[in-house]
Amino acid sequence: MFKSIRFKSITIYFLLVFIAMVIVGVFIIQQFEQYHLGVVRGNLTQIANSVMKTLEEIDWQNNKEEIQKNIAPYEKMGMEIYVIEKNNDFTIISSTNLSYWNQNAMYILESDLILAAFHGEIKESDIVSQQEGQRSSKNMVFPLYDEHSRITGIIYLRQNLEDIYNTLDQSKFIITRATILALLITIILGYFIAKSITGPINDVTIKAEKMAKGDFDQVVEVKSDDEIGQLANMFNHLTARLKAVLQEISNEKKKMDTIINNMADGLIATTAEGKIIHANPVAIEMLKIDGKTLKKKSFDEVFLPLNNKLTLNYLSTQEKWYGNEIIDMQEGVKLRAKYAPIIREDDYLEGIVVLLQDVTEYEKLENMRKEFVANVSHELKTPLTTIKSYTETLLDGAMEDKGLATQFLGVVVSEADRMTRLVQDLLQLSNLDYKQGKWNKKEININDIVKSAVLKLEVSAKNKRQHFVHTSYDDEIYVFADKDKMEQVLLNILSNAIKYTAEEGKIEVQVQLKSSYVQIIIRDNGIGIPKEDLPRIFERFYRVDKARSREMGGTGLGLSIAKQIIEAHKGAIEIFSEEKKQGTRVVITLPTTNEGLALN
Numbered sequence: 011m012f013k014s015i016r017f018k019s020i021t022i023y024f025l026l027v028f029i030a031m032v033i034v035g036v037f038i039i040q041q042f043e044q045y046h047l048g049v050v051r052g053n054l055t056q057i058a059n060s061v062m063k064t065l066e067e068i069d070w071q072n073n074k075e076e077i078q079k080n081i082a083p084y085e086k087m088g089m090e091i092y093v094i095e096k097n098n099d100f101t102i103i104s105s106t107n108l109s110y111w112n113q114n115a116m117y118i119l120e121s122d123l124i125l126a127a128f129h130g131e132i133k134e135s136d137i138v139s140q141q142e143g144q145r146s147s148k149n150m151v152f153p154l155y156d157e158h159s160r161i162t163g164i165i166y167l168r169q170n171l172e173d174i175y176n177t178l179d180q181s182k183f184i185i186t187r188a189t190i191l192a193l194l195i196t197i198i199l200g201y202f203i204a205k206s207i208t209g210p211i212n213d214v215t216i217k218a219e220k221m222a223k224g225d226f227d228q229v230v231e232v233k234s235d236d237e238i239g240q241l242a243n244m245f246n247h248l249t250a251r252l253k254a255v256l257q258e259i260s261n262e263k264k265k266m267d268t269i270i271n272n273m274a275d276g277l278i279a280t281t282a283e284g285k286i287i288h289a290n291p292v293a294i295e296m297l298k299i300d301g302k303t304l305k306k307k308s309f310d311e312v313f314l315p316l317n318n319k320l321t322l323n324y325l326s327t328q329e330k331w332y333g334n335e336i337i338d339m340q341e342g343v344k345l346r347a348k349y350a351p352i353i354r355e356d357d358y359l360e361g362i363v364v365l366l367q368d369v370t371e372y373e374k375l376e377n378m379r380k381e382f383v384a385n386v387s388h389e390l391k392t393p394l395t396t397i398k399s400y401t402e403t404l405l406d407g408a409m410e411d412k413g414l415a416t417q418f419l420g421v422v423v424s425e426a427d428r429m430t431r432l433v434q435d436l437l438q439l440s441n442l443d444y445k446q447g448k449w450n451k452k453e454i455n456i457n458d459i460v461k462s463a464v465l466k467l468e469v470s471a472k473n474k475r476q477h478f479v480h481t482s483y484d485d486e487i488y489v490f491a492d493k494d495k496m497e498q499v500l501l502n503i504l505s506n507a508i509k510y511t512a513e514e515g516k517i518e519v520q521v522q523l524k525s526s527y528v529q530i531i532i533r534d535n536g537i538g539i540p541k542e543d544l545p546r547i548f549e550r551f552y553r554v555d556k557a558r559s560r561e562m563g564g565t566g567l568g569l570s571i572a573k574q575i576i577e578a579h580k581g582a583i584e585i586f587s588e589e590k591k592q593g594t595r596v597v598i599t600l601p602t603t604n605e606g607l608a609l610n
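Counting in the numbering used here, the sequence shown runs from 11 upward without gaps.
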């Protein structure tokens with residue numbers, strides 16, 4: 011009970027009100043006392059000035075009997091006035107209290123005040139009696155001067171303060187009663203206020219316990235907009251969020267099951283003892299085993315016939331149970347089995363996961379890579395062999411025949427140029443593959459690029475008496491592209507058209523706008539490309555007629571480079587052809603930057 015928030019809240023309210031009432035009460039009493047003492051002081055000062063003025067008028071030193079007449083009326087006001095003459099005995103020569111006449115004032119009144127007054131000071135003191143029967147009073151003294159400003163006596167005034175202090179005592183009693191009443195009200199109000207705070211908290215606690223037991227359909231009633239209301243809102247938000255998270259976890263589980271069951275790779279999970287607990291459809295299909303039959307088998311029973319290394323004993327010898335093995339299946343299918351452990355937080359082996367990947371296509375790509383390396387080696391070896399043989403012939407004496415030497419050196423230069431072109435093409439392909447090439451893309455008019463490429467190759471076409479037909483689009487068509495790279499592509503396609511088109515042949519270049527794309531169509535009536543070669547036409551070093559291509563100085567990389575450049579511009583390049591019929595048609599498609607042009 012004493013540790014509850016309700017008890018602590020009531021205690022805090024009680025202490026706050028108690029301290030506030032004490033501070034206010036003390037302040038009021040002090041101010042009340044100071045005010046009334048100030049009023050008494052003012053009255054005494056006023057009376058003293060009046061008496062002193064009267065005494066000066068009657069020449070009191072020579073008419074002492076007149077003094078009593080002048081101060082007697084003040085007795086009715088509860089005032090005591092003493093006139094003390096300056097002599098060795100400090101004699102009271104007149105007083106409202108007749109019993110003190112002709113007595114020594116030092117023994118009756120406050121001696122320190124008397125002495126101070128005879129030294130020219132106006133002084134006062136408050137005598138507050140705490141004992142019953144004794145009086146509280148305010149005492150003030152004023153010096154009396156003659157015409158030569160000499161002190162001849164003093165006036166001693168005393169005012170009874172009993173009424174004031176009785177009033178103060180009554181005020182204290184009233185404030186005390188008010189404090190007690192306020193504290194009682196505080197306890198009652200504090201109880202209900204604390205209850206209004208702890209009630210919702212208790213409600214939240216009870217419903218939180220129910221949530222801990224699995225009942226998440228808990229809602230706290232929000233009764234206010236304060237912090238308690240915010241707590242209730244936050245609890246309700248937490249409940250809703252928790253339900254959403256649990257639903258999300260359930261959805262994620264379903265999603266994960268969907269991913270596992272529909273992933274391209276096969277997946278098998280086993281216990282630490284090797285019992286198969288899960289296999290997705292792809293794994294079942296890859297292993298050619300019925301799903302129900304598969305789950306009845308152990309890890310060793312499934313994989314040992316496929317690869318004698320895939321056993322639990324072998325896997326346990328591998329570093330941290332990680333590794334992979336190749337499985338040769340029927341019909342040339344190759345599977346890579348990657349295995350990894352399922353480890354709990356306490357480092358206990360809970361099971362094994364095996365990922366089956368069909369690497370048949372990868373093996374084909376690897377073979378293509380090897381073929382590419384072989385082609386590069388061959389393409390480099392051929393000109394090197396030619397250069398070496400011609401150089402050796404020159405060294406063996408052919409240098410003597412100037413005409414023959416010039417011919418041989420021309421062949422060496424030609425082969426060196428061919429090697430240079432090959433290396434440059436390989437370097438450009440490498441940069442395109444790894445996106446290391448420098449691009450200078452900006453808005454360019456595609457008509458200008460096509461026209462520039464046609465003009466550069468017009469002389470080559472005229473040398474073969476070929477007819478160039480160039481049709482530009484009426485309006486300007488802008489693309490965001492690298493001008494030099496685009497011109498390189500066009501020059502490559504056009505030069506191929508010139509090379510493989512007979513003399514007096516026809517080459518057409520046309521620019522068309524299709525929606526938000528521009529098409530550059532290059533058509534010739536040359537020898538064409540066999541249908542079976544079209545799918546591989548963009549492969550590196552692939553040539554339809556290898557001997558003829560080398561004779562014409564080709565490296566076999568031009569179309570591969572062109573395709574990568576166009577795709578880097580978010581475009582496409584297509585080749586349509588059929589041998590010995592209508593020649594070849596190349597279509598380059600690029601996105602434009604002026605889409606509104608198509609609407610016109």
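Glycine included, every Cβ here is placed at the ideal spot set by N, Cα and C.
Can you give me the Cβ contacts of residue i inside the same chain, cut-off strictly under 8 Å, excluding the 5 residues immediately before and after it?
{"i": "F226", "result": "T249, L252, K253 and L256"}
{"i": "I15", "result": "A204, I207, T208 and I211"}
Near residue i, what residues of its chain come up, given a Cβ to Cβ distance below 7 Å and the 5 sequence neighbours on each side ignored?
{"i": "M156", "result": "The sequence shown places Asp at residue 156, not Met. The answer, listed in chain order, is T162."}
{"i": "K307", "result": "I286"}
{"i": "I137", "result": "S146, S147 and N149"}
{"i": "N107", "result": "E90"}
{"i": "I57", "result": "Y84, M89 and L167"}
{"i": "A463", "result": "E497, L500, L501 and L504"}
At the level of alpha carbons, what is the spacing between residue i and residue j?
{"i": "D275", "j": "K305", "result": "18 Å"}
{"i": "N59", "j": "S121", "result": "22 Å"}
{"i": "F313", "j": "I270", "result": "20 Å"}
{"i": "I238", "j": "F245", "result": "10 Å"}
{"i": "V519", "j": "A507", "result": "11 Å"}
{"i": "E283", "j": "D338", "result": "26 Å"}
{"i": "I20", "j": "E355", "result": "49 Å"}
{"i": "A557", "j": "D267", "result": "Bear in mind that the predicted position of A557 carries a pLDDT of just 47, short of 50, making it too unreliable to give a figure here."}
{"i": "G130", "j": "L191", "result": "53 Å"}
{"i": "F100", "j": "K182", "result": "41 Å"}
{"i": "P153", "j": "F128", "result": "6 Å"}
{"i": "L467", "j": "Y372", "result": "42 Å"}
{"i": "Q309", "j": "E376", "result": "Correcting the residue identity first, residue 309 is Phe in this sequence and not Gln. Approximately 30 Å between the Cα atoms of the pair."}
{"i": "A188", "j": "G48", "result": "27 Å"}
{"i": "M62", "j": "Y175", "result": "29 Å"}
{"i": "F515", "j": "G536", "result": "The sequence given here has Gly at residue 515, not Phe. Answer to the nearest angstrom: the Cα atoms are 7 Å apart."}
{"i": "T55", "j": "K79", "result": "20 Å"}
{"i": "E577", "j": "L345", "result": "33 Å"}
{"i": "A30", "j": "N114", "result": "51 Å"}
Can you list, in chain order, the residues of its chain with a C-beta nearer than 6 Å to that of residue i? Leave out the 5 residues immediately preceding and following it.
{"i": "V88", "result": "Per the sequence shown, the amino acid found at residue 88 is Gly instead of Val. Excluding residues within five positions, the ones whose Cβ falls inside 6 Å are N170."}
{"i": "N450", "result": "D492"}
{"i": "I456", "result": "I487, V489 and V528"}
{"i": "L119", "result": "Y166"}
{"i": "A350", "result": "Y332 and V363"}
{"i": "T599", "result": "Y527, Q529, G581 and A582"}
By the three-class DSSP mapping on this structure, what secondary structure does residue i have?
{"i": "G209", "result": "helix"}
{"i": "K319", "result": "coil"}
{"i": "S526", "result": "coil"}
{"i": "F17", "result": "helix"}
{"i": "E120", "result": "coil"}
{"i": "P540", "result": "coil"}
{"i": "Y358", "result": "coil"}
{"i": "K452", "result": "strand"}
{"i": "N473", "result": "helix"}
{"i": "A491", "result": "strand"}
{"i": "T7", "result": "In the structure displayed, the chain extends from 11 to 610; residue 7 sits before or after that span and is not available."}
{"i": "H288", "result": "strand"}
{"i": "A192", "result": "helix"}
{"i": "M496", "result": "helix"}
Are the beta-carbon atoms belonging to residue i and residue j less than 8 Å from one another?
{"i": "T196", "j": "F24", "result": "yes"}
{"i": "A415", "j": "I397", "result": "no"}
{"i": "I81", "j": "S104", "result": "yes"}
{"i": "A347", "j": "V363", "result": "no"}
{"i": "R533", "j": "R595", "result": "yes"}
{"i": "I531", "j": "Q476", "result": "no"}
My assumption, with CB atoms under 8 Å, is that residue i sits in contact with residue j. Please give the rounded CB distance.
{"i": "I164", "j": "I102", "result": "Going by Cβ atoms, the distance from I164 to I102 rounds to 10 Å, so no, they are not a contact pair."}
{"i": "T602", "j": "V528", "result": "5 Å"}
{"i": "G593", "j": "S587", "result": "7 Å"}
{"i": "F17", "j": "L193", "result": "Going by Cβ atoms, the distance from F17 to L193 rounds to 16 Å, so no, they are not a contact pair."}
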